[in-house]
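For the record, in the sequence shown the residue sitting at position 153 is 209 according to our numbering, with numbers rising by one throughout. For each residue, glycine too, the CB sits at the ideal point set by N, CA and C. One structure is given here, and the rest of the page talks about it.
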Amino acid sequence: MRITCRPPLNSLRPTGKRWPNAWPATIPPGRDNMFTTAWPAIFFPLGYGSNQQQVMYYSFLSAYSGKPAGKISIASPFPAFPLPNWRVTFSGLTNIKAVSDIFRGFNISHGYRSLLSINSWKTNVIYDPENPGKTFDNSNNFINRYDVGVVSFIEQYSPLIGIDFTMKNSLGGRLEYKKSRNVVMSFVNNQLTEIDSKEIVIGMSYRLKGLKFSVGNFMGGKTKKYNTDLNLKLDVGVRDNKTILRRIDESTNQVSAGSKQFTLNFSADYNLSQSLQLRAYFNMNKNAPYISSQLANATTSGGFTLRFNLAQ
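Shown next as structure tokens:
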């Protein structure tokens, strides 16, 4: 499935028109096979209206998979061949001498994951397989063979593009751009909930080798001398989350939640010994909501921590 999509409404009519061809016996004799829906001048085959569950389900798959409505298989609600997930990492740039002279390591990564789930699925007890067009519901739509309550899928590019490098002067950096989407289609109220997320993170690190400093003893003892590496790390991130409620039968979209977040995290680590680490940190988080009922907020924290590792 692809991140970009067409509005589900665009796929309703071509999806609905395919069903009489697939089930010609569903058109009862003496009845018109076309009727007008809630949208003027838009016609659907008899029994397969704009809010018929099969029409909405396959229109949903068409809109969010990027496939034309005429190419979506309507033989079964369960996909025969699931889309593969993958993760690719390329680290061969260091085989180039001009790159290896500067970088100790240079990795480029890309990953994709998707999951389609059909929840609240059951066989409809009033469905007649020998006469699919026998029973109509209150909306003049055919009764479905399967009664599906909720269909959802999760799609993640984690990352869409990622770059991670370490230079020979101990300077490191990373860049990640992630996109994800969580879509839930409820056939109980014909409402679609879509949660879109975009995130970009830029990070830098540096190791200052052999940093020396001394700590005096207030009790008159010997001065303690330290000579270890100081590790500095800085991450800056921007995340955009948005929850959109889409009423398919009303063709309305409403942002119900979401915010833009800015984060800054800085830390400095220094090992006083093999089991004792001193750490200084500073964190900042700013949040700007999309809806007026929520207030913008910001949090800032900083300080020192002393960590003792018993495993050493």
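For L301, the enclosing beta strand (DSSP E) stretches over residues 280–303. The beta carbons of G259 and R295 sit no closer together than 8 Å. Residues D296, A344 of the same chain have their beta carbon placed closer than 6 Å to that of K316, with the five preceding and five following residues left out of the count. Straight through space, the alpha carbons of G266 and T279 are spaced by roughly 18 Å. By the Cβ rule, the region 152–163 does not count as touching the region 178–186, because fewer than three pairs are nearer than 8 Å. Distance from the Cα of K298 is smallest, within the candidate group G103, T356, K234, Q310, for Q310. The C-beta of P101 has 16 or more other C-beta atoms within 10 Å across all chains shown, which makes the residue buried. DSSP lists K289, Y337 as the bridge partner or partners of S323. Per DSSP, Q212 is one residue of the beta strand (DSSP E) stretching across 202–223.
In this structure the region 219–228 does not touch the region 188–208; the number of beta carbon pairs closer than 8 Å is below three. Judged by DSSP secondary structure, L117 falls within the alpha helix (DSSP H) whose first and last residues are 109–121. Look at V181 here: in three-state DSSP terms it is coil, with no helix or strand label. It is roughly 18 Å from the alpha-carbon of I164 to the alpha-carbon of K224.
Counting only residues of its own chain and dropping the five nearest sequence neighbours on each side, G293 has a CB closer than 6 Å to the CB of V257, T319. By the beta-carbon neighbour count (other beta carbons within 10 angstroms, threshold 16), S357 is exposed. Within a 10 Å sphere around the beta-carbon of F146 sit fewer than 16 other beta-carbons, which makes this residue exposed. The three-state reading of DSSP puts N245 in coil, since its state is none of H, G, I, E or B. Shown here, N365 sits in coil according to DSSP, grouped into three states, outside any helix or strand. One Cα belongs to N197, the other to L301, and the distance between them is close to 25 Å. Burial is judged here by how many other beta carbons sit within 10 angstroms of a residue's own beta carbon; R237 has at least 16 and is buried.
By a beta-carbon distance limit of 8 Å, G167 contacts P215. Their separation comes to about 6 Å. Distance from the CA of A352 to the CA of G314, rounded to the nearest whole angstrom, comes to 11 Å.
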